[in-house]
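These protein sequence lines map, in sequence, to chains A and G.
Counting in the UniProt record's numbering, the first sequence runs from 1 upward without gaps.
Counting in the UniProt record's numbering, the second sequence runs from 1 upward without gaps.
In this text, a Cβ means the ideal position worked out from N, Cα and C, and glycines have one as well.
These numbers come from a predicted model, not from an experiment.
Below is one structure, written out as structure tokens; the observations come after it.
Number of protein chains: 2
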Amino acid sequence: MAPVRNGRVIFNAYPEGKLANSTLLLNRSQPAEYPIPGETTVYDESAQIDTATVALNGGFLVKTLVLSIDPFLRNRMRDPQAKDPSRRGNSQGYKLGEPIDGFGVGVIVRSEVPDLPEGKHVYGFIRFPAFQEYTIFPPSAQLRIIEKHPDLQWSVYVGAAGMPGQTAYGGWKEHAGAKAGEVLFVTTGAGPVGSFVIQLAKQAGLKVIASAGTEEKLAFMKSIGADVVFNYKTTDTRAVLEKEGPVDIYWDNVGGDILDVTLENTAIYARILVRATAYYALFAVLTVIPQLCGAMSGYNTGYVPVKNLNMAYARSLSLYGVAVARLAPIYAERFYDEVPAKLASGEIKYTEEKSYGLDKVGDVLLAVQKGTNKAKAVIIVAEE
Amino acid sequence: MAPVRNGRVIFNAYPEGKLANSTLLLNRSQPAEYPIPGETTVYDESAQIDTATVALNGGFLVKTLVLSIDPFLRNRMRDPQAKDPSRRGNSQGYKLGEPIDGFGVGVIVRSEVPDLPEGKHVYGFIRFPAFQEYTIFPPSAQLRIIEKHPDLQWSVYVGAAGMPGQTAYGGWKEHAGAKAGEVLFVTTGAGPVGSFVIQLAKQAGLKVIASAGTEEKLAFMKSIGADVVFNYKTTDTRAVLEKEGPVDIYWDNVGGDILDVTLENTAIYARILVRATAYYALFAVLTVIPQLCGAMSGYNTGYVPVKNLNMAYARSLSLYGVAVARLAPIYAERFYDEVPAKLASGEIKYTEEKSYGLDKVGDVLLAVQKGTNKAKAVIIVAEE
Chain A
1 MAPVRNGRVI FNAYPEGKLA NSTLLLNRSQ PAEYPIPGET TVYDESAQID TATVALNGGF
61 LVKTLVLSID PFLRNRMRDP QAKDPSRRGN SQGYKLGEPI DGFGVGVIVR SEVPDLPEGK
121 HVYGFIRFPA FQEYTIFPPS AQLRIIEKHP DLQWSVYVGA AGMPGQTAYG GWKEHAGAKA
181 GEVLFVTTGA GPVGSFVIQL AKQAGLKVIA SAGTEEKLAF MKSIGADVVF NYKTTDTRAV
241 LEKEGPVDIY WDNVGGDILD VTLENTAIYA RILVRATAYY ALFAVLTVIP QLCGAMSGYN
301 TGYVPVKNLN MAYARSLSLY GVAVARLAPI YAERFYDEVP AKLASGEIKY TEEKSYGLDK
361 VGDVLLAVQK GTNKAKAVII VAEE
Chain G
1 MAPVRNGRVI FNAYPEGKLA NSTLLLNRSQ PAEYPIPGET TVYDESAQID TATVALNGGF
61 LVKTLVLSID PFLRNRMRDP QAKDPSRRGN SQGYKLGEPI DGFGVGVIVR SEVPDLPEGK
121 HVYGFIRFPA FQEYTIFPPS AQLRIIEKHP DLQWSVYVGA AGMPGQTAYG GWKEHAGAKA
181 GEVLFVTTGA GPVGSFVIQL AKQAGLKVIA SAGTEEKLAF MKSIGADVVF NYKTTDTRAV
241 LEKEGPVDIY WDNVGGDILD VTLENTAIYA RILVRATAYY ALFAVLTVIP QLCGAMSGYN
301 TGYVPVKNLN MAYARSLSLY GVAVARLAPI YAERFYDEVP AKLASGEIKY TEEKSYGLDK
361 VGDVLLAVQK GTNKAKAVII VAEE
């Protein structure tokens, strides 16, 4: 077989000195410089691969099918040498001149690993697949073999049936302690995690307050059962919570000021599940755990301090950090047994926004950072 | 019987403008103006009471035996009209011209309540007994009848066998999730709560790191089993935790910067139990819950914001607010069944510093605020 194109998305430059203001970026850890298509990342078609003959060195060759564009990718675009600690990255960030990576699904096209034969589909947590059409993995690569529900597309497996779904499912099961009649508040409730949480809460008999930033998102949240929806850009969160709260469970997808406002409006014994800022910080911090220690404070400088933590004892609150990297393995079997079937049947609803081709990655990265995407952003790299 | 003196400690003036610097007050919510004996509070002997004839109006008359001087009393000395929100009090603060109140033990000398007969001893949570020699309570007063262990003195029942002990006991049972071999860090480890926590942790097989501010306190912490003790005034907390940690359980008695430093040095799945600032804030906030809402933010202005809460998801932390007002009732039976006997046998060790007479209250209030007391401060008001 002749060599074929192996298109790649190369990390070309740290996004610096560019744009500034965005409501999406409020309360978030990253500096507000957007990744610029063609500049921060570059789509490159110069590489080729002969899938029939390329040396696998004991590993396996995967053809990428779908890739997930998640907000946290931006957090891996930080310069480890940056003078400003709030902009500084760590050793696990993207390398200039190399393809970026993230969550995705692919199909094995050739393999020297007996447990991972040709034709199997794999889902990767982090560093897989690299954003390229074909990737050779070492035998030690931690990938999960997944089988597709006949009524779902592979794209769902990086969204509601992937990391975002696992975040909602694992965090809820582990920490929510939900009781019927309680009040949930969730921010970015139209996102892949937030919308999943809304539905888990409604199934548990809770009253759901949910916020988002566009009328379209409010309508979607209503359609999946949220009782009270509001646009956080035009409606004061404090006023809503004072009227509709107090809040028994806060699923925090944004952190910062909204967390402080919510802490003021908690019920006794409320549970606070923090993620969001997480969404950015998780991978920056998780991946650096082995090297940890003194340097850690540098990673934190960019975060908005929490002022109302004294509410914790005033109200006997419990606050939990939701880290999908640790929850996903614990709940994986239950999740895959239960969730894809419910997504296929429509019992759990989801949305996604597909773009086709690796050449679209730069645009979608920017849209996700600006919040102009309308649903979970997915790149369809190839049909099978 | 002739009337007898009913000495009282009157709240005379808000402590303001007496600015002062104190390491004790770092990270704490109150302004650093100390209560001045004879000025903030005044001991008054002008009142008399005829214990045999005074009208009880269906209530009962208590002779005060011991009173507890706790740090949080200072937080009730705030002016509800103060312009600076960080100094402002709420409606539950002490009233100018009236006796202060707090925790104490007394004996019923006359009663019109069948369940609370003469001769029984009562322990009061808050607003009992007022700091006076005799107090008439309404029948609805929420007091607990307690019986003294023959080998303990009543003073212990406002310390290790009272609110501080209940804080440690309830918080530990409810939230610590301790496993042998884990590492505990506790601040103000020589205090009545901290020293109790150290011993609970050692009994559970943990390694204990404990901090305090004097050599005498370090020696005491060693004597009750702490493995690593250090003076936070002369030793860098971060350096100790980097060497001896990471921390699996942090019992936070101080909040603020030390909480942030500890968050940087937590193990995965660590539990953070926050109180301390609590110690001040609890009553300010708990008591105002019914009136709550918009004004709440004003109470918080004085607190040090927490910068490293992003560690919550990075490390899958759980953070719990320890509120003795809610934990004490839940654990009361177990606590009184178990703890006084262990205190009497020496299985749990405690310290206390007694002062004799209500005229000493002003001096002891100041000492507790300055941190110059050497152990749990107790006022012996009367022998039986």
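Classification of residue i by the beta-carbon crowding that lies within 10 angstroms, buried from 16 upward
i: PHE11 of chain G; result: buried
i: ALA295 of chain A; result: Note that ALA295 of chain A has pLDDT 24, beneath the 50 cutoff, so the model's placement of it is unreliable and no number is given.
i: MET163 of chain A; result: buried
i: residue 409 of chain G; result: Residue coverage of chain G in this structure runs from 1 to 384, which leaves residue 409 of chain G outside it and unanswerable.
i: GLU384 of chain G; result: exposed
i: GLN142 of chain A; result: exposed
i: SER111 of chain A; result: buried
i: LEU67 of chain G; result: buried
i: LEU96 of chain A; result: exposed
i: PRO15 of chain G; result: buried
i: ILE145 of chain G; result: exposed
i: TYR356 of chain G; result: exposed
i: GLY7 of chain A; result: buried
i: GLN81 of chain G; result: exposed
i: ASN231 of chain G; result: exposed
i: ALA2 of chain G; result: exposed
N- and C-terminal bounds of the alpha helix (DSSP H) containing residue i
i: LYS376 of chain G; result: From DSSP, LYS376 of chain G is part of no alpha helix (DSSP H) but of the beta strand (DSSP E) over 376-380.
i: ARG238 of chain G; result: 237-244
i: TYR89 of chain A; result: The amino acid at residue 89 of chain A is misidentified as Tyr; the sequence shows Gly. Run containing GLY89 of chain A: none; DSSP gives neither H nor E here.
i: GLU216 of chain A; result: 215-223
i: GLY170 of chain G; result: 163-171
i: SER345 of chain A; result: 324-345
i: LYS202 of chain A; result: 192-203
i: LEU366 of chain A; result: 361-370
i: TYR313 of chain A; result: 311-314
8 Å Cβ cutoff met for residue i and residue j
i: GLY321 of chain G; j: LEU317 of chain A; result: yes
i: LEU365 of chain G; j: GLU133 of chain G; result: no
i: ASP115 of chain A; j: LEU184 of chain A; result: no
i: residue 436 of chain G; j: GLY170 of chain G; result: Given that chain G is displayed from residue 1 to residue 384, the structure contains no residue 436 of chain G and the question cannot be resolved.
i: ALA158 of chain A; j: VAL229 of chain A; result: Before going on, a small fix: residue 158 of chain A reads as Val here, not Ala. Not in contact: VAL158 of chain A and VAL229 of chain A (Cβ atoms no closer than 8 Å).
i: ALA212 of chain G; j: ALA190 of chain G; result: yes
i: TYR350 of chain G; j: SER195 of chain G; result: yes
i: GLU174 of chain A; j: LEU65 of chain A; result: no
i: ALA325 of chain A; j: GLU352 of chain A; result: no
i: THR167 of chain G; j: ARG275 of chain G; result: yes
i: PRO139 of chain G; j: GLY165 of chain G; result: no
i: PRO117 of chain A; j: ILE108 of chain A; result: yes
i: GLY84 of chain G; j: THR187 of chain G; result: Just to set this straight, residue 84 of chain G is Asp in the shown sequence, not Gly. Against a cut-off of 8 Å, the Cβ pair of THR187 of chain G and ASP84 of chain G comes out as no contact.
i: GLY102 of chain G; j: LEU73 of chain G; result: yes
i: residue 394 of chain A; j: LYS354 of chain A; result: This structure cannot speak to residue 394 of chain A, because chain A is shown only from 1 to 384.
Beta-carbon separation (whole angstroms), residue i vs residue j, contact threshold 8 Å
i: MET221 of chain A; j: ALA204 of chain A; result: Not quite, the Cβ-Cβ distance comes to about 17 Å (not below 8 Å), so this is no contact.
i: PHE131 of chain A; j: VAL62 of chain A; result: About 13 Å; that fails the 8 Å criterion.
i: ASP363 of chain A; j: PRO35 of chain A; result: Actually they are not in contact, since the Cβ atoms of ASP363 of chain A and PRO35 of chain A sit about 10 Å apart, beyond 8 Å.
i: LEU319 of chain G; j: ILE272 of chain G; result: 4 Å
i: HIS149 of chain A; j: ALA344 of chain A; result: 5 Å
i: ASP236 of chain A; j: LYS207 of chain A; result: ASP236 of chain A to LYS207 of chain A, Cβ: 19 Å. No contact.
i: THR41 of chain G; j: VAL9 of chain G; result: 5 Å
i: ILE268 of chain G; j: ARG315 of chain G; result: 5 Å
i: VAL113 of chain G; j: PHE60 of chain G; result: 5 Å
i: TYR250 of chain G; j: ALA323 of chain A; result: No, TYR250 of chain G and ALA323 of chain A are not in contact; Cβ-Cβ is about 18 Å, not under 8 Å.
i: ALA161 of chain G; j: PRO329 of chain G; result: Their Cβ separation, rounded to whole angstroms, is 16 Å, which puts ALA161 of chain G and PRO329 of chain G out of contact at 8 Å.
i: PRO305 of chain A; j: VAL261 of chain G; result: Not confirmed; about 14 Å, so no contact.
i: ALA13 of chain G; j: GLU45 of chain G; result: The pair is not a contact, with the Cβ atoms about 19 Å apart (cut-off 8 Å).
Range of the contiguous beta strand (DSSP E) that encloses residue i
i: ASP44 of chain G; result: 41-44
i: ASP248 of chain A; result: 247-252
i: TYR320 of chain A; result: 318-321
i: ARG144 of chain G; result: 143-146
i: ARG8 of chain A; result: 8-11
i: GLU264 of chain A; result: From DSSP, GLU264 of chain A is part of no beta strand (DSSP E) but of the alpha helix (DSSP H) over 256-264.
i: LYS207 of chain G; result: 207-212
i: PHE185 of chain G; result: 183-186
Residues within the segment 305-336 of chain A neighbouring chain G, beta-carbon criterion of under 7 Å: PRO305, VAL306, LYS307, ASN308, LEU309, ASN310, ALA312, TYR313, ALA314, ARG315, SER316, LEU317, SER318, LEU319, TYR320, GLY321, VAL322, ALA323 and ARG326
Taking beta-carbon pairs under 7 Å, can you tell me which members of the segment 246-275 of chain G lie near chain A? GLU264, VAL274 and ARG275
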